[in-house]
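Enquirer: Sequence positions in the sequence shown follow this note's numbering and run 1 to 234. C-beta: ideal position from N, C-alpha, C; glycine also. Dumping the structure here so I can ask a few things about it.
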Amino acid sequence: MVDVFSSKQRPKKLIIYGDDFKKHEWIVKGGEEVRIDQRIEQLFDVMNGLMHRQPGAAVHSLQVRTYDVVPITPSLGMVAFVAGTTPLKALLTDPALIPGEAIAAADEKYSRFIMAKGGNLERAGPRYEKMFRAADRRETVANLQSVQSLVRWDSLREALLRVAGGPELFLSMRGTYAASLAAVSMAGYVAGIGDRHTDNFLMDLNSGALVPIDFGQLPPHSCLSHTCAVWVSD
């Protein structure tokens, strides 16, 4: 069985029924450099081992949730489907929490500021770079606070409460979310991973743990960005 996602590269969800009588779900991605994702996941595994041996990290169960990545060619590969999760953005922008009009108004106001300072450049990177050079701290902070005021401040808490269904599980999920956010933030900083927005995180609906995904856009300073230009023998 194959399902097609609606995102830009049209990845396919492939369901394989194995001889172990289990269902194995994979996402087939074409037109992307999945070898970078594979190396990031391998690096996270190493970091998880280090955190497990460090008492201060181990006592808080600091770990980065990982998944399997299988490169096939330089522009084609398979990524394990992480079951029981949903994109963090989908949780935070649920119409039951925030009306669609409020999200649209916030997006429009944010985009208007970016375009005013960064110009109408086709590529997002140069546009944001120009914006950061043109805008000063005071007006940038003021605009962000104005945008934030258009959406409810407690959307994450309310989303966790809805998923948890009760106060005891909510407290457990909140703690797991905080610990995983700390681990993901630290690991991402060390690896130099950018492009981190709420569409690039999944949340485990059973535990509250974050799962970082999509590492195809690494900044030049990343310790792994050079893999784009290095041939890796299979």
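1. Which residue spans inside the segment 27–90 form an unbroken alpha helix (DSSP H) run of at least 4?
2. Could you give the first and the last residue of the continuous beta strand (DSSP E) run that contains ILE15?
3. In three-state DSSP terms, what is VAL147?
4. In this structure, does DSSP put PHE201 in helix, strand or coil?
5. Using a Cβ-Cβ cut-off of 7 Å (strictly less than) and excluding sequence neighbours within five positions of ASN143, which residues of its own chain qualify?
6. Would SER180 be called buried (16 or more neighbouring beta carbons within 10 Å of its own) or exposed?
7. On the three-state DSSP scale, how would you describe LYS117?
8. Quick check on the DSSP output: the alpha helix (DSSP H) that includes PRO126 runs from which residue to which?
9. By the 10 Å Cβ neighbour count, where 16 or more other Cβ atoms means buried, how is LYS244 classified, buried or exposed?
10. What residue from GLY100, ARG157, ASP154, VAL82 has the CA that sits closest to ILE15's CA?
11. Looking at the structure shown, is LEU181 part of a helix, part of a strand, or coil, going by DSSP?
12. Grouping DSSP H, G and I as helix and E and B as strand, with all else coil, what is ASP107?
13. Between the Cα of ILE36 and the Cα atoms of ASP68, SER185, VAL151, LEU88, which residue gives the shortest distance?
14. Quick test of your reading: LEU210 and TYR177, contact by CB under 8 Å. State the CB separation rounded to the nearest angstrom.
15. How about the segment 146–155 and the segment 104–111: do they share at least three Cβ pairs that are nearer than 8 Å?
16. First and last residue of the alpha helix (DSSP H) that includes LEU97?
17. By how many angstroms is the C-alpha of ARG174 removed from the C-alpha of SER185?
18. Assign CYS228 to buried or exposed, taking buried as 16 or more other Cβ atoms, counted over all protein chains shown, within 10 Å of its Cβ.
19. Given this structure, state the Cα-to-Cα distance separating PHE215 from GLU101, to the nearest angstrom.
Expert: So, to answer that:
1. 34–53, 55–58
2. As a first step, residue 15 must be located in the sequence shown, where it is residue number 15. Start and end: 12–17.
3. Residue 147 sits at position 147 when you count from the first residue of the sequence shown. Three-state DSSP puts VAL147 in a helix.
4. Numbered from its first residue, the sequence shown carries residue 201 at position 201. Strand, per DSSP.
5. As a first step, residue 143 is located in the sequence shown; it is residue number 143 there, counting from the start. Here the set comprises PHE113.
6. The residue you call residue 180 lines up with position 180 of the sequence shown. With 16 or more other Cβ atoms within 10 Å, it is buried.
7. Sequence index remark: in the sequence shown, residue 117 carries index 117 (1-based). In this structure, LYS117 counts as helix in the three-state DSSP scheme.
8. Within the sequence shown, the letter at position 126 stands for residue 126. It spans 124–134 - the alpha helix (DSSP H) in which PRO126 sits, taken as one unbroken run.
9. This structure gives no information on residue 244, because the portion of the chain shown stretches from 1 to 234.
10. Locating residue 15 in the sequence shown gives position 15, where the first residue counts as 1. Looking at the Cα atoms, VAL82 is the closest of the given residues.
11. Numbered from 1 along the sequence shown, position 181 holds the residue referred to as residue 181. Reduced to three states, the DSSP call for LEU181 is helix.
12. Position 107 of the sequence shown holds residue 107. Three-state DSSP puts ASP107 in a helix.
13. Reading the sequence shown from its first residue, position 36 is the one you call residue 36. When only C-alpha atoms are compared, the closest one is ASP68.
14. The residue labelled residue 210 in the question sits at position 210 within the sequence shown. The residue labelled residue 177 in the question sits at position 177 within the sequence shown. That pair is a contact at about 7 Å.
15. yes
16. Against the sequence shown, residue 97 aligns to sequence position 97. Counting along the chain, LEU97 falls outside any alpha helix (DSSP H), and DSSP gives it neither H nor E.
17. Counting from one through the sequence shown, the residue named residue 185 turns up at place 185. Counting from one through the sequence shown, the residue named residue 174 turns up at place 174. One C-alpha to the other measures close to 16 Å.
18. Start at 1 with the first residue of the sequence shown, and residue 228 comes out as number 228. The pLDDT assigned to CYS228 is 45, lower than 50, so where the model puts this residue is not dependable, and the model offers no usable value.
19. The residue labelled residue 215 in the question sits at position 215 within the sequence shown. The residue labelled residue 101 in the question sits at position 101 within the sequence shown. Roughly 31 Å separates the two Cα atoms.
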